[in-house]
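The next block holds one structure in the form of structure tokens; read it before the comments.
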């Protein structure tokens, strides 16, 4: 795992609250290598989600650099970051964020349909293939409101992977599920990461998921601390 897919160098993030400045991320660095599974754990309010948003180009650092495939990512325009996210990154959140008016198949196909060279027939086949892989071949035409919580998260997983990203980023992907369903999603995440040979960066409170990572980092008050899991 010598190739670095994602790197942050001396990241800082401050938010202004009236006259006060709140420092959420404090001089933090991280590397995620090709094929590596990294988990980030820590108490609520420690800055985990903020860091994930910065690493994924959804937010910008106040100071420091973010590099994607060795190239600066943080100083690009929002449109340029959006293009690179679509080409390289997949995202899964605690809440699925599926579009309620679209079917499972349409939700999964959406990231590929945003590409200028999208071929609908090929996109549909790719979306169907992934939904079959996550056990939802019988739910293609169902909308999110017709799916269970676990099924919605499986659709979200398939959507994150349909672009064949180099790195999947997940923010509490099992946090909104019951224990049995969370375990199923946990096993599926590990299988897909190994099958697709992609990198994975996950923020989680799930100790079992955290322990299964190649590297576990504990975040405390916007900085790394010694792992406790």
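Numbering (full-length UniProt numbering), first residue to last: 1 to 229. Beta carbons: idealized from backbone N, C-alpha and C, even for Gly. Every value quoted in this text rests on a predicted model; they were computed, and no experiment measured them.
**Study point:** Cross-strand partners of residue 33 (DSSP beta bridge)
**Key:** 4
Point to revise | Alpha carbon of residue 167 to alpha carbon of residue 138, nearest angstrom | key: 28 Å
Review point. Taking the alpha-carbon positions, what's the residue 1 to residue 36 distance?
Key: Legend: pLDDT at residue 1 = 43, less than 50; position of this residue unreliable, value from coordinates given subsequently. Each residue's alpha carbon lies about 7 Å from the other.
Exercise for review: Within its chain, find whatever has a CB closer than 6 Å to the CB of residue 62; leave out the 5 residues flanking it on each side and keep chain order.
Suggested key: 12, 13 and 14
Point to revise | Uninterrupted alpha helix (DSSP H) stretches inside the region 76-109 (no shorter than 4 residues) | key: 78-88
Point to revise | Within the region 149-194, ranges of the alpha helix (DSSP H) (whole runs, at least 4 residues) | key: 149-161
Review point. DSSP state of residue 72, grouped into three classes?
Key: strand
Check your understanding: Helix, strand or coil for residue 206 per DSSP?
Key -> coil
Check your understanding: How about residue 65: is its Cβ closer than 8 Å to a heavy atom in the ligand PLP?
Key -> Questions concerning the ligand PLP fall outside what the structure shown contains, since it holds no ligand whatsoever.
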